[in-house]
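**Student:** One structure coming up, written as structure tokens, with questions to follow.
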Amino acid sequence: MISYPLRISTVDTRVIEAGNAGPAIVLVHGTGGRADRWVRNLDVLAAAGHRVCAFDLPGHGFASKGPGLDCSVPGYRKFLGDFLDAMKIDKAVIVGTSLGGHVVASFACAHPDRVSGVVLSGSMGLVPLGAEARGRVEAGANNQSYEGVKGKLARVIFDPALVTQDFVDEEFRINNSAGAKESFATLGRYIGQKL
Numbered sequence: 788m789i790s791y792p793l794r795i796s797t798v799d800t801r802v803i804e805a806g807n808a809g810p811a812i813v814l815v816h817g818t819g820g821r822a823d824r825w826v827r828n829l830d831v832l833a834a835a836g837h838r839v840c841a842f843d844l845p846g847h848g849f850a851s852k853g854p855g856l857d858c859s860v861p862g863y864r865k866f867l868g869d870f871l872d873a874m875k876i877d878k879a880v881i882v883g884t885s886l887g888g889h890v891v892a893s894f895a896c897a898h899p900d901r902v903s904g905v906v907l908s909g910s911m912g913l914v915p916l917g918a919e920a921r922g923r924v925e926a927g928a929n930n931q932s933y934e935g936v937k938g939k940l941a942r943v944i945f946d947p948a949l950v951t952q953d954f955v956d957e958e959f960r961i962n963n964s965a966g967a968k969e970s971f972a973t974l975g976r977y978i979g980q981k982l
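Residue numbers (the numbering used here): 788 to 982.
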């Protein structure tokens, strides 16, 4: 497994990749996530004969952050296509969790010729959320306080043993890095208004 930076158009991202041959699998994280959320899956899928890639969506992880980024499903859908082009992947099984699932479903509908399969896990956006749920998601995207980050991890990670102090500290620092607040606010507004 290797991790490296990649520039796509005007956006810097981070790629984590395993395997270099076989059918491609691309992994797309959700709101507040990042590529390394998939590390437990990469080597296993590569050992099964796949080229597996995960990347940080704009505004997340180690990708570019701040005003001017298109932190919306259409923006992320375009970025996913640009990522496939940059990685020279013509067709892939694309896996998405949470908001990443919505991005993947949207991409598959717009570009069925680029998708050999779709896996959606806990995806949002497939049915309208309703005003109350949209408000909760928008508030969550904007709450990157230490307690907010810790609470979110406790809700979304099944095994509480995985939510270590180091993991919470790292998540807090990354989600509060330069430009992150603006990116999460943009995404939160999009979710609050559109989903």
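Positions of the beta carbon are idealized from the N, C-alpha and C atoms, including for glycine.
#1: Does DSSP put Cys-858 in a helix, in a strand, or in coil?
#2: Could you tell me the alpha carbon to alpha carbon distance between Arg-960 and Gly-922, rounded to whole angstroms?
#3: If contacts are defined as beta-carbon pairs under 8 Å, then Arg-838 and Gly-862 qualify, I think. What distance do you get, rounded to the angstrom?
#4: Cutting at 7 Å between CB atoms, please list the residues of its own chain near Lys-937, excluding the five before and the five after it.
#5: Give the DSSP bridge partners of Asp-869, in chain order.
#6: For the alpha helix (DSSP H) that contains Val-891, what are its first and last residues?
#7: Buried or exposed: which applies to Tyr-803, given that a residue is buried once 16 or more other Cβ atoms fall within 10 Å of its Cβ?
#8: Cα-Cα, which of Phe-894, Ala-926, Thr-800 and Ser-893 is closest to Ala-841?
#9: For Ser-879, which option in Arg-824, Val-860, Val-914 and Asp-900 has the closest C-alpha, if you only look at C-alpha atoms?
#10: Out of curiosity, what's the CA-to-CA distance linking Cys-896 and His-889?
#11: Do Leu-867 and Phe-894 have their beta-carbon atoms positioned less than 8 Å apart in this structure?
#12: Between the C-alpha atoms of Ile-789 and Val-815, what's the straight-line distance to the nearest angstrom?
#13: Count the other CB atoms, across all protein chains shown, that sit within 10 Å of the CB of Ser-796; report buried if there are 16 or more and exposed otherwise.
#14: For Val-819, which of helix, strand or coil comes out of DSSP?
#15: Among Glu-925, Asp-946, Ala-948 and Gln-952, which one has its Cα closest to the Cα of Glu-934?
#16: State the Cα-Cα distance for the pair Pro-792 and Val-813, rounded to the nearest angstrom.
#17: Determine whether the beta carbon atoms of Glu-969 and Pro-854 lie at a separation below 8 Å.
#18: Taking Gly-819 as the reference, give the member of Met-874, Val-906, Ala-972 and Gly-809 with the closest Cα.
#19: State buried or exposed for Ile-881, treating a residue as buried only when at least 16 other CB atoms are found within 10 Å of its CB.
**Tutor:** The structure says:
#1: The answer is coil: DSSP assigns Cys-858 none of H, G, I, E or B.
#2: 24 Å
#3: Actually they are not in contact, since the Cβ atoms of Arg-838 and Gly-862 sit about 25 Å apart, beyond 8 Å.
#4: Val-955
#5: Its beta-bridge partners do not exist; DSSP assigns none.
#6: 886-897
#7: Looking at the sequence itself, residue 803 is Ile, so the reference to Tyr does not match. Buried, by the Cβ-count rule.
#8: Thr-800
#9: Here the sequence assigns Ala to residue 879, which means Ser is not the residue at that position. Nearest C-alpha to Ala-879: Asp-900.
#10: 11 Å
#11: yes
#12: 17 Å
#13: exposed
#14: Here residue 819 turns out to be Gly, not Val, going by the sequence shown. Here Gly-819 sits in coil by DSSP.
#15: Gln-952
#16: 16 Å
#17: yes
#18: Ala-972
#19: buried
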